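What follows is one structure encoded as C-alpha cells, with my remarks underneath.
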Amino acid sequence: MNLSGQVVRVFGWLSQFFLAFLMAGGLTGFFELAVSYYRMRGYAKSLRFIDHRRFLDSEHIVPVSILMAVPADSQDAQDALESLLALDFSEYEIIVAIYGGLAGLSKPLLDSFQLLPFQQPYKRSLPTGELQRIYRSARDFRLTVLEKPDGDRADALNACVNLSSYPVVVTLDPDAALERDALIRIVYAFVSDPQCVAVCGAARVACEEPQNWLERRPLECMQRTERVRALYTSRIGTERTGFLASICDSFVAFKKSAVLEAGGFHTQTAGEEGGLLLDIQARMRRNGRRYATVFLPDPICTVCPLVSIREVCLQRRCWHAALKAALSRHGRAAFGWPAKQTGAGGLLFFWLSDIAAPVLETLGLFVVPAAWLLGSVDGWFVLLYFSLSVLLGTALSVSSVLLEENIFPNTQQTGLPLWLFVYSFAENLGYRQIARACRIGWPRDRTKAKGKPEKR
Amino acid sequence: MIWLRTAAMDLALLLAGFLLLCGILLSLLHITRKVSNIRIRNMRERLLCLLSGEADASRMKTKLYEMLHSGSGTGKLSDVRGIRSKRGLRVAAETAGEVSGEVWQKLAAEAGSEWYCAYLQKKFGSSDPETILLAVRVAGALHITRFTQNIVTQIYCFRTNAAMQHIGMLSLCMLGAGREIVALCRDESIASLLSFRTLGEIFSTYTGDCRALCRKLITTASDLYIRRTCIKMIGESGYSELGVLVVPFLKSSQLNARIDAVRTIGQIQERDALEQVLPFSKDLRWEMRAVVATALGAFGAAEHLETLLGLLCDREWWVRYRAAQALLRYPNRAALMTRVEETNDRFALEMMRFSLDQEALGKGGANE
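So the protein lines, in turn, are chains A and B.
Residue 129 in my numbering is what sits at position 129 of the first sequence, and the numbering runs on without skipping anything.
With positions in the second sequence counted from 1, the corresponding number in my numbering is that position plus 1000.
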C-alpha cells in the first residue's frame, strides 16, 4: 500500500475513533446526569426533614464573614455591597479589599456607605502586603473596607481573612449576587456537620425570560444552559469522589481555621478558592484528619452574563489555566498508587474531561471533514457525526435544564425552560464548540487573562 | 465498523425523539400558561405536577393557605387534595412553621382531628423512614401530644439515624415532653450524632419549663454535649439559681466544658465561684483566657481592673480584644486610658483605642 493509501486508512480509523469517543463522552454525560438526578432527589428529600430556616433568627448559628476582593477599577462594588447588606441572616460582617490601584476608594463608595478611616489592630495570621488604610462604615456597622494598592486578588483575600472575626468565611466576586437566604443554607452545612471544612456551590447565570420572539437573549441563555449542564454532568458527580469543582465559577465558604492552617490563598491566574480548597484537602489527608466538603446545588448565587463571545472565550481560557495549575500542583494524587486519598478519582476525572476531552472534541471537528475530503469516509458519516454531536449536546443541555426545573422550579419565570430549550440547540451549533476550543493551550498574556471581562 | 455506525444512528434517532417530546411538552406548557379556561388550567396544573413534585407541593400549599384563611368554620383539611400523602405531610409541616396565631391554631385543630390523626397513626407504623420522619415532624410542629410515645419509640428504633435524632428530639421539645427527653438523654446513643449548635437550637424550642429541664439534664444526661448545652442555656437565660450545678464543671477534664462553665458563671454572676475563675486568667490556653476576660467584665471591670489590664497585655490578639471589650464597662474612661498608657504596651493601647472607636461607631457617633 502506498503512503496516500495509508493516510486515507489512518483518517478512516481516526474518524471511527472520534465517533466512538463522541458517543462514549455523551453516554458518560447521561450517566453522570443520572447520578446527579439520584443525588439531587436525595438532597431534595433531606430538605424536607430539616427546616434550616429555623436557624435564621437563632443565636446558635455560626456567624459569617463575607470576603470580597475588588479590583480598584471595578464598578460593581457598590451594587454588590448593597445587595449583601440586605441578606437574611442574623450575624455577619462584610470585608471588602479594594486592591491594585493607587487612586483609592471612589467617592460614591465613600459617600454612600459613609466610610471613615479607622485605626483597627488585627491579627496577622496570614502574611500579606501592607494595608494602606482601613475604613469602617458609619452607615452599617457590619461593613469594613480595606485599601490595598499593591498585591493581587489572593493577597487581598488573605488581608480580608486577617481582619475577619467569625469562624466561617465566604469568598465572593463583586459580580456575584447571593439570594437573601443563601447564608443560612451555606452555614447550615457547617452546623450539621462539625467536620465540614468547606462548602461550595455553582453560580447560575442571571437570565431573564424574553417577552417575545423578537427580544432575543442568545448569549445569556446559552451561558445559563452551559453552566447548568456543567453542574449536573460534571460537578455533582465528581463531588462523590471528594474533589469539588474547579471553583472558578462558584462561591466557596471555608472554615477559617482550615484556611489559616493551609496558609491562605495562593497567587494564581484565577480560581484562588479552588487552589486553597485543594491545599486544605491535601493537608487534611496528609495529617490523617477526618474532614468533609459539601457541594451545595441550590441556586443561591447568580452572576451577570458576559456580553460577547470574545469575553466568554477569555474567561474560559482563564479558568482552564487555573484548573491546569491546580491539577498540576496536586496531580500526583490522581496517579498515586495506592490511591487512598479521596479526591484522586475526581482529579483523574478532571484530567480526562476538562483537559483531554476538549482537545479530542476539537480535533474531531477537523479530522472527520478532512477524512471525507480524503475519501476515507462518506458524506453520510460526516452528517451522522455532526448530527450526533449536536443532538447529544442538546439532549444533555435540555435534560439538565429539566432536572434543574424539577428540583428547583422557577416560579417567577415559568416560560424560561422553553427558551432555554430553544437556545440549547443554538448553543450546540457553534457556541459550545468555540467554548471548548478556547480551553486548548494557556492564555497568551497572563496579565490580560487576569483582568475581569466586562459584565452586563 | 458497521455496528458503530448503526449504534450511532440508533442513538441519534433516540435523542431526536426525546428532544421532540420535550419540545412538544414545553411548548404546550408555554402556550397554555395564559389560557383562562378552567379545564385547560387544571390540565396544565396536572401536567406540571407530573413533571415536578415541587410544583405539586406548591399547589397543595396554596390550597392549604386558602383553607386556613377562609372564614371560621369553613374549609377543612380534607378539602386539600393529596394532604394525606407523603408530600402532604411535608406541606403540613412546612406550613406549620410558617404560620402563627389563629391560623396556626386552626391548622393544629384540623391536624388533630380524627380524620388526619388516623392517617398519622398509620404512617408511624410505616416501614419507610422518610415517611416516619415527616410524621414525627408534623406531630411536633402542630403539637399533637397524643403521638409523644410514638415519637419516643421511633427515636429508639432509629437510634443511628441522625435525621431521626434531630427531628425526634426537636418534636419532643416542641411538645414540651420533658420527662421523655430526660429519659432519652440518659441513653448515651441518643443525640450522640447531633452537633453542639444543633442541640442548642433543639433545646431552645422547648415549650415546657426550661429551668426544670436544665436542672435535670445537667446532672443526668450521659452526653457531654447535652450537659454543655444546659450550661449554655443557664447562662443565656440567666437561671442564676442553677449556678451551683455549673460550678463543678470548672474542674472538668474537658477544656470546652470548663470554658462554657466560666462563661456561664460570668453571665449569671455566680460570685461564689469567682475565686475558682480567677486562676484561669493565667491558663495556658488562650481560649480560656479570652473567656475569663469576658466573665470578669461581667462581674465588674472596676473590681477586676488589674487582672483585665494584665489580660489586655496578653500576647494573643483575641485575649486582648476580649479584655478591651470587658474594660469598656469601666465607668471612668479617662482614668482607664491613663492606666492603659501606664502599661507601656503599644498593642494594649491600640486595642483599647480600637474598642472605644468601635463602640462609638456602633452608637452612631463615629469619630475619625
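Here a beta-carbon is modelled for each residue, glycine too, at the ideal position from N, C-alpha and C.
This structure is a prediction, so every number in the text was calculated from the model and none was measured.
Span separating the alpha-carbon of residue i from that of residue j
| i | j | result |
| --- | --- | --- |
| Leu219 (chain A) | Val307 (chain A) | 7 Å |
| Ala188 (chain A) | His52 (chain A) | Reading off the sequence, residue 188 (chain A) comes out as Tyr, not Ala. If you take the alpha carbons of Tyr188 (chain A) and His52 (chain A), they lie about 7 Å apart. |
| Trp319 (chain A) | Phe425 (chain A) | 25 Å |
| Leu1142 (chain B) | Ser389 (chain A) | 54 Å |
| Val197 (chain A) | Cys1173 (chain B) | 30 Å |
| Leu327 (chain A) | Trp351 (chain A) | 8 Å |
| Gly1017 (chain B) | Leu33 (chain A) | 19 Å |
| Val367 (chain A) | Ile309 (chain A) | 25 Å |
| Arg9 (chain A) | Phe381 (chain A) | 15 Å |
| Glu1102 (chain B) | Asp57 (chain A) | 22 Å |
| Val1247 (chain B) | Ala1221 (chain B) | 17 Å |
| Arg185 (chain A) | Arg1197 (chain B) | 15 Å |
| Arg432 (chain A) | Ala1111 (chain B) | 53 Å |
| Lys455 (chain A) | Tyr1119 (chain B) | Confidence in Lys455 (chain A) is poor, its pLDDT being 40 and thus under 50, which makes the residue's placement unreliable; the coordinate value appears in the next sentence. So the alpha carbons of these two residues sit roughly 54 Å apart. |
| Ala1334 (chain B) | Arg1090 (chain B) | 60 Å |
| Leu1309 (chain B) | Ser1204 (chain B) | 36 Å |
| Cys221 (chain A) | Leu1015 (chain B) | 22 Å |
| Val1262 (chain B) | Gln1358 (chain B) | 26 Å |
| Ile1155 (chain B) | Lys1106 (chain B) | 28 Å |
| Lys448 (chain A) | Phe251 (chain A) | Confidence in Lys448 (chain A) is poor, its pLDDT being 42 and thus under 50, which makes the residue's placement unreliable; the coordinate value appears in the next sentence. Lys448 (chain A) and Phe251 (chain A): Cα-Cα distance of roughly 23 Å. |
| Met1337 (chain B) | Glu1350 (chain B) | 11 Å |
| Cys313 (chain A) | Arg436 (chain A) | 9 Å |
| Lys1216 (chain B) | Glu1241 (chain B) | 14 Å |
| Arg329 (chain A) | Gly275 (chain A) | 9 Å |
| Val205 (chain A) | Asn410 (chain A) | 14 Å |
| Gly101 (chain A) | Gly129 (chain A) | 14 Å |
| Arg1084 (chain B) | Leu1048 (chain B) | 20 Å |
Buried/exposed call for residue i, threshold 16 Cβ in 10 Å
| i | result |
| --- | --- |
| Lys1034 (chain B) | exposed |
| Lys1123 (chain B) | buried |
| Pro127 (chain A) | exposed |
| Val1080 (chain B) | buried |
| Tyr92 (chain A) | buried |
| Ser15 (chain A) | buried |
| Gly364 (chain A) | buried |
| Ile1226 (chain B) | buried |
| Ala1360 (chain B) | exposed |
| Leu1020 (chain B) | exposed |
| Phe1010 (chain B) | First, the residue type needs correcting, since residue 1010 (chain B) is Asp and not Phe in the sequence shown. Exposed: under 16 other Cβ atoms inside 10 Å. |
| Arg1146 (chain B) | exposed |
| Tyr38 (chain A) | exposed |
| Cys1157 (chain B) | exposed |
| Glu1201 (chain B) | buried |
| Gly1243 (chain B) | buried |
| His1304 (chain B) | buried |
| Ala1295 (chain B) | buried |
| Asn162 (chain A) | buried |
| Glu354 (chain A) | The sequence as given places Asp at residue 354 (chain A); Glu does not occur at that position. It counts as buried. |
| Ile1024 (chain B) | exposed |
| Asn287 (chain A) | exposed |
Whole-number beta carbon distance between residue j and residue i, since they are thought to touch under 8 Å
| i | j | result |
| --- | --- | --- |
| Asp1260 (chain B) | Ile1231 (chain B) | 5 Å |
| Gly1168 (chain B) | Val1136 (chain B) | 6 Å |
| Tyr99 (chain A) | Pro117 (chain A) | Actually they do not touch by this definition, with Cβ atoms about 17 Å apart. |
| Leu1184 (chain B) | Thr1148 (chain B) | 11 Å between Cβ atoms; not a contact. |
| Ala203 (chain A) | Thr267 (chain A) | With a Cβ gap of about 23 Å, Ala203 (chain A) and Thr267 (chain A) do not count as contacting. |
| Leu1311 (chain B) | Met1352 (chain B) | Not quite, the Cβ-Cβ distance comes to about 12 Å (not below 8 Å), so this is no contact. |
| Arg153 (chain A) | Ala69 (chain A) | 5 Å |
Identified DSSP bridge partners for residue i
| i | result |
| --- | --- |
| Phe254 (chain A) | A:Val169, A:Ala198 |
| Leu143 (chain A) | A:Ile94 |
| Ile66 (chain A) | A:Ile94, A:Val170 |
| Lys148 (chain A) | A:Tyr99 |
| Tyr232 (chain A) | According to DSSP, Tyr232 (chain A) bridges with nothing at all. |
| Ala292 (chain A) | A:Cys196 |
| Val205 (chain A) | A:Val303 |
Below-8 Å beta-carbon distance, residue i vs any chain E residue
| i | result |
| --- | --- |
| Leu163 (chain A) | This model lacks chain E altogether, as its protein chains are A and B. |
Please determine if the stretch 399-406 of chain A and the stretch 223-232 of chain A are in contact, where contact requires at least 3 C-beta pairs separated by less than 8 Å.
yes
With three or more beta-carbon pairs closer than 8 Å as the criterion, would you say the stretch 390-401 of chain A touches the stretch 27-37 of chain A?
yes
Does the structure place the stretch 369-378 of chain A close enough to the stretch 251-259 of chain A that three or more beta carbon pairs sit under 8 Å?
no
State whether the stretch 1286-1293 of chain B contacts the stretch 1311-1321 of chain B, with contact taken as three or more CB pairs (one from each stretch) at a distance under 8 Å.
yes
Counting Cβ pairs closer than 8 Å, one from the stretch 73-88 of chain A and one from the stretch 1206-1215 of chain B, do we hit at least three?
no
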